[in-house]
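J.: Input: one structure, supplied below.
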Amino acid sequence: MTFVKAAFAASLAFGLMATSAMAGPIYTFSVSEGTQPSNVGIITLTQSGLDVTVGVDLLPGYGFINTGGPHTPFAFNLAGTGALTIAWTTPVNGIYASGVFSLNTGGGDNTPYGTFGIAVDSTANNGSGAGYFGDLLFTLSRVGGLDTNDFVRNADSDPIVGGSYFSADLSDGSNTGAQAWADRTTCTVNCGGPGPDPIPEPATLALFGAGLAGLGALRLRRRAKA
Numbered sequence: 001m002t003f004v005k006a007a008f009a010a011s012l013a014f015g016l017m018a019t020s021a022m023a024g025p026i027y028t029f030s031v032s033e034g035t036q037p038s039n040v041g042i043i044t045l046t047q048s049g050l051d052v053t054v055g056v057d058l059l060p061g062y063g064f065i066n067t068g069g070p071h072t073p074f075a076f077n078l079a080g081t082g083a084l085t086i087a088w089t090t091p092v093n094g095i096y097a098s099g100v101f102s103l104n105t106g107g108g109d110n111t112p113y114g115t116f117g118i119a120v121d122s123t124a125n126n127g128s129g130a131g132y133f134g135d136l137l138f139t140l141s142r143v144g145g146l147d148t149n150d151f152v153r154n155a156d157s158d159p160i161v162g163g164s165y166f167s168a169d170l171s172d173g174s175n176t177g178a179q180a181w182a183d184r185t186t187c188t189v190n191c192g193g194p195g196p197d198p199i200p201e202p203a204t205l206a207l208f209g210a211g212l213a214g215l216g217a218l219r220l221r222r223r224a225k226a
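When you line the sequence shown up against the numbering used here, it's residues 1 to 226, in that order.
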C-alpha cells in the first residue's frame with residue numbers, strides 16, 4: 001500500500017473513531033396528550049459527543065409549573081446506570097424569576113402518566129403565578145457516556161398504553177395539568193437540533209495524532225532506505 005493510501009485509510013479510521021463514540025440519532029417528539037393541546041411543544045434530543053442536549057420548545061403562552069397531584073415540572077426515563085449531571089443553557093443556570101430548576105435522579109410522578117426515573121424539579125411555589133413560561137435547553141452528561149437511544153418509555157400507564165418518554169406539568173396561564181409525549185420521530189437531515197456537532201474525545205484525538213505520527217515516521221524511514 002502506498003504512503004498516500006495508507007495515510008488516507010488511517011485518517012478515515014481514526015476520523016470514524018473520533019466522531020462515533022456516541023452516535024445516537026436526533027429524535028423529535030412533537031405529539032403529546034393531556035390537559036393542553038396535542039401540539040403544545042416539541043422535544044428534541046441531540047447527540048453532543050458523549051452527552052445529550054435536550055430542547056423543549058413550547059408554544060407561546062405555555063409554561064412549566066408545580067401543581068401537586070403529585071406533578072413534577074418535567075420528567076423522563078433513562079436506560080442504563082451512571083452518575084448523571086445537568087448543565088443549563090435556558091434558563092441560564094436553571095434560574096428564573098420564581099425559582100430554580102434542578103435535576104432529581106430520584107425521579108417523579110405526573111399523574112395520570114405514571115412515574116419517571118429522572119425529574120426536573122423546581123423550588124418555585126405551586127401554581128401558574130410562579131411558573132416558568134419559556135423553553136428549556138439543557139445538556140445531560142453521564143459517567144460512561146449518554147446516548148439519545150438511552151431515553152426510553154416509562155412503565156405502562158393509563159391512559160397511554162406502552163408508556164411515555166416525557167411528561168410535564170404545564171399551564172397556559174390558567175388551565176393547568178399533566179402532559180405526556182409517547183411517540184418519537186427520527187430526524188436525519190436538516191433537523192435543526194439544539195446541540196453542537198459531536199466533539200471527539202481527548203483520548204480519541206490522541207490516538208489520531210499518534211497514527212499520523214507513525215505514518216510520518218514510516219515515510220522518513222523509506223526515504224532513508226532510498
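Note that CB positions come from ideal geometry on N, CA and C, so glycine has one too.
Source: prediction; values computed, not measured.
Under a three-way DSSP split, which group does asparagine 93 fall into?
T.: It is helical.
J.: Would leucine 59 and threonine 90 be called neighbours here (beta carbons separated by less than 8 Å)?
T.: no
J.: Would you grab the beta carbon distance between serine 48 and glycine 114 for me? Rounded to a whole angstrom, and I think it's under 8 Å.
T.: Not a contact, Cβ separation roughly 28 Å.
J.: Note down, in chain order, each residue of its chain lying with its Cβ closer than 7 Å to the Cβ of glycine 94, except the 5 sequence neighbours on either side.
T.: Counting only Cβ-Cβ distances below 7 Å, and skipping sequence neighbours, we find Trp88, Val100, Phe101 and Ser102.
J.: If you check the beta carbons only, do isoleucine 43 and phenylalanine 166 fall under 8 Å apart?
T.: yes
J.: Assign glycine 82 to buried or exposed, taking buried as 16 or more other Cβ atoms, counted over all protein chains shown, within 10 Å of its Cβ.
T.: exposed
J.: Considering only the alpha carbon of each residue, which of Thr185, Ser38, Asn66 and Pro70 lies closest to phenylalanine 151?
T.: Ranking the options by Cα distance to phenylalanine 151, first place goes to Thr185.
J.: Would you kindly report the start and end of the unbroken beta strand (DSSP E) that includes leucine 78?
T.: 74-78
J.: What residue range does the beta strand (DSSP E) around alanine 139 cover?
T.: The question names alanine, yet the displayed sequence has threonine at residue 139. Residues 136-142.
J.: When the Cα atoms are used, what is the spatial distance from leucine 146 to glycine 129?
T.: 35 Å
J.: Is aspartate 150 helix, strand or coil by DSSP?
T.: helix
J.: Along the chain, where does the beta strand (DSSP E) containing valine 313 start, and where does it finish?
T.: Here the chain covers residues 1 to 226 and nothing more, so residue 313 does not appear.
J.: So, is isoleucine 65 buried or exposed, given that buried needs 16 or more other C-beta atoms within 10 angstroms?
T.: Looking at its Cβ environment, which holds 16 or more other Cβ atoms inside 10 Å, isoleucine 65 is buried.
J.: Determine the extent of the beta strand (DSSP E) in which aspartate 169 is found, giving its start and end residues.
T.: 166-171
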